[in-house]
Amino acid sequence: MASAFAQVTAVTALNLRTVPSRLGPSMVIVIGIAGVVGVLVALLAMAEGFRATLSSTGRADRVLVLRGGANDELSSVIYRSQVPTIEQAPGIRKDADGKPIAAAEVFMLTSLPRRGATDPTNVVVRGTQPNVLAVRPEVRIVEGRMFNSGMREIIAGRGAAAEFEGLTIGGSVAVRGDGWKVVGIFESGGNVHESEIWTDAEAIMSAANRGAPTSVIAQLESESQLQPFKDFLTKDPSMTVDVLSEPKYYASRSKMLSNLINGLGYFVAVVMAIGALFGALNTMYAAVSTRSVEIATLRALGFGAAPVVVSIMLEAIVLALAGGILGALIAFVLFNGYTISTLNGQTFSQVAFDFRVTPALLVQGIVWAAVIGLFGGLFPALRAARMPVAEALRAG
Amino acid sequence: MAETLIALDRISKHYVRGKEKIEVLHELSLNIEQGDFLALMGPSGSGKTTLLNLIGGLDQPSAGTITVSGQRIDTLSGGRLAQWRARNVGFVFQFYNLLPVLTAAQNVELPLLLTHLSKSERARRVQIALTVVGLEDRAKHKPSELSGGQAQRVAIARALVADPTLLVCDEPTGDLDRKTADEVLGLLQTLNREHGKTLIMVTHDPRAAEYAGHQLHMDKGRLIEAGAQA
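Sequence order for the protein chains is A and B. Oh and the first sequence: position 3 is 3 in the UniProt record's numbering, straight run, nothing missing. Oh and the second sequence: position 229 is 229 in the UniProt record's numbering, straight run, nothing missing.
Here's what the structure looks like:
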């Protein structure tokens, strides 16, 4: 006797050849699963894009110093008296003039209307130092110029400029009630800073009646200097600060929202998958019923029950995979690189980010499709295998 | 004296429908010789198709034994029985049961897909089988492009392509006009007389039964009469 594999191949080939004559019902599986995979991949691509935007912010050899116990920049305060100690800590890189490459910054929120909308939305205003481009060399001014010290001038990240009203060169926006002039637009490699507006720290502290910065950002000589730098500051009883590497800090900022989007994505996908599964079951039961005489004839000729089961499941999986690939392709074409912004619940500010339809997400979507196909084909296949041959032949 | 090919001993078959037990065959015993052409006749519900299914290994008896070429087939598992059918039995059905998406040659090739024969050897045997039934020029036609008689001849080619010991035919001419039926029956008779195939045929049609070497009549699950032609 021929091997089970040869039988499976022969029966599967036969089944697939009958698909064109059952195109309508077969498309129920393909389109249903394309919808599931498309939605799943799109939602996960949103979470992935958000996570990637925040986790791409920062370098391992750059550190953020916050008040001890502060979860983020918003709730942190660094006293002015602490700043020189931080800047003189061991391990900080020096510039050509021997000055530490570090900046005391103020992290605040302001409200601006989105383009075409009237309701204001939170935007991060970062008061920083004139040497910020040395501290963050990935940032470059792409339009206009850098703000001047002590002036009410701002530069806007490219994402923020695209999102909010008034953030164009020469424009003016209200920060703490006063008009601040937009003098430049900057890029920072697509990271979270592109959703912020930057200005001089002293100018914004003065406008906001704040006496102290919220954090100090510092460039280390190397990643290995993190521990000595941290030890120096945390062992000083007068400091009470937390020291975090930038990637670690920003990864923690993305966790809540990316988990929420992921959870939503999986929930919606599971609900849709249940619908698609019933569609697949219905289609495959109908296919088995329509072909009951053909299946019985093959079994009368000597084809085994197991090859019939496997071949029907393979047919369902092939149709499901076609749907999965279609859905993944649609998600990729429609959403990959699509930019949106959303409120980061951990910073209460808008973050602009791109959907990222990664190869891993495409594979995940296609695996979902295969699993739906597997279960969609299993029970109809078992029915076909259990059908008494003589009875099925008579039914024809 | 010819050798006994099939021996049925006190065969019973019943089905259960709800609480009702329906007895289709009742302690039926029968020997069929190698090279025989047997016609099973009887009214609807007499059990002839059930008997044919038991002989062809499509169903199992509720009681009794079935021995074919010295092998008990009533005790085989479903998988073993499928293998036994593939090696020993060719089926011809009333409505041909050809797969509509396949050509005549591909339909005939189906039983050979269960063997280890090479593709070229399968093609050669398909060609021979189609030649035997006179349809070598219809090899690439699909069932929808064939007449009823041609389709049944393709089904006969499929039944004999793997050179089985036994051909079982369930109303093979039930869907054909008189002239075409005679051609098909003549072909079956040739397979019996010239190729030595053992044939068992269920039919309602007394004229069809005349082509057989023996006739058995059934009623209510029992054999009631036997006759033989010259």
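The beta carbon of each residue, even a glycine, is placed where N, CA and C say it ideally should be.
- Within 10 angstroms of the beta-carbon of residue 90 of chain A lie fewer than 16 other beta-carbons, which makes it exposed.
- Rounded to whole angstroms, the separation of the alpha carbons of residue 14 of chain A and residue 329 of chain A is 28 angstroms.
- Listed in chain order, the non-local C-beta contacts of residue 214 of chain A below 7 angstroms within the same chain comprise 73, 76, 77, 78, 105, 106, 107, local neighbours out to five positions each way being set aside.
- Taking a C-beta distance under 8 angstroms as the contact criterion, residue 265 of chain A and residue 53 of chain A do not qualify as a contact pair.
- Inside the segment 41-116 of chain A, DSSP marks whole alpha helix (DSSP H) runs of 4 or more residues at positions 82-87, from first to last along the chain.
- DSSP places residue 182 of chain B in the uninterrupted alpha helix (DSSP H) bounded by 178-193.
- Shown here for residue 67 of chain B: same chain residues with a beta carbon closer than 6 angstroms to its own, the five before and five after excluded, namely 7 in chain order.
- Distances from the alpha-carbon of residue 165 of chain A to those of A/112, A/381, A/209, A/155 put A/112 closest.
- Secondary structure of residue 129 of chain A (DSSP, three-state): coil.
- By the C-beta criterion, the segment 32-42 of chain A is judged to be in contact with the segment 359-369 of chain A, since at least 3 inter-stretch pairs fall below 8 angstroms.
- For the segment 351-383 of chain A, there are no residues whose beta carbon sits under 8 angstroms from a beta carbon of chain B.
- Closest option to residue 181 of chain B, judged by alpha-carbon separation, among B/122, B/193, B/210: B/210.
- Residue-level contact by beta carbon holds for residue 299 of chain A and chain B, with a gap shorter than 8 angstroms.
- Contact annotation for residue 304 of chain A against chain B: 79, 82 [CB-CB distance below 7 angstroms, chain order].
- Less than 8 angstroms divides the Cβ of residue 170 of chain B from the Cβ of residue 94 of chain B.
- Contact between the segment 76-83 of chain B and the segment 32-44 of chain B is absent: fewer than three C-beta pairs spanning the two stretches fall below 8 angstroms.
- In the three-state scheme derived from DSSP, where H, G and I count as helix and E and B as strand, residue 164 of chain B is classed as coil.
- A contact between stretches requires three or more CB pairs, one per stretch, nearer than 8 angstroms, and the segment 96-104 of chain B meets this requirement with the segment 130-142 of chain B.
- As far as DSSP is concerned, residue 268 of chain A takes part in no beta bridge.
- Contact with chain B is found for residue 294 of chain A, since one of that chain's Cβ atoms lies less than 8 angstroms from the residue's Cβ.
- In summary, the residues of the segment 107-120 of chain B whose CB is separated from some CB of chain A by less than 7 angstroms are 110, 111, 113, 114, 115, 116, in the order they occur in the chain.
- By the Cβ-count criterion, residue 99 of chain A is exposed, with fewer than 16 other Cβ atoms from all chains shown falling within 10 Å of its own Cβ.
- For residue 16 of chain B, the enclosing beta strand (DSSP E) starts and ends at 4-17.
- If the five residues before and after residue 48 of chain B are omitted, its C-beta is found closer than 6 angstroms to the C-beta atoms of 40, 42, 202, 218, all from its own chain and listed in chain order.
- Residue A/102 holds the alpha-carbon nearest to the alpha-carbon of residue 64 of chain A among A/47, A/51, A/102, A/88.
- Those residues of the segment 29-59 of chain B placed with their C-beta closer than 7 angstroms to a C-beta in chain A are 53, 58, 59, ordered along the chain.
- Runs of the beta strand (DSSP E) spanning 3 or more residues and lying entirely within the segment 128-171 of chain A occur at 140-144, 153-157, in chain order.
- Around the beta carbon of residue 7 of chain A, 16 or more other beta carbons lie within 10 angstroms, which makes this residue buried.
- In terms of beta-carbon proximity, residue 17 of chain A lines the interface with chain B, with at least one pair separated by less than 8 angstroms.
- Among the residues facing chain A, residue 99 of chain B is included, as its CB has a counterpart in that chain under 8 angstroms away.
- Counted as a single uninterrupted DSSP element, the beta strand (DSSP E) harbouring residue 184 of chain A occupies residues 178-187.
- About 11 angstroms separates the Cβ atoms of residue 199 of chain A and residue 124 of chain A, ruling out a contact at the 8 angstroms cut-off.
- Listed along the chain, the chain B residues whose CB falls inside 9 angstroms of the CB of residue 6 of chain A are 113, 114, 116.
- Separation of the CB atoms of residue 166 of chain B and residue 28 of chain B is rounded to 18 angstroms, and the pair is thereby denied contact status at 8 angstroms.
- Residue burial is scored here from C-beta neighbours: residue 297 of chain A has at least 16 other C-beta atoms within 10 angstroms and is therefore classed as buried.
- Against chain B, the CB of residue 309 of chain A has no partner CB under 8 angstroms away; the residue lies outside that interface.
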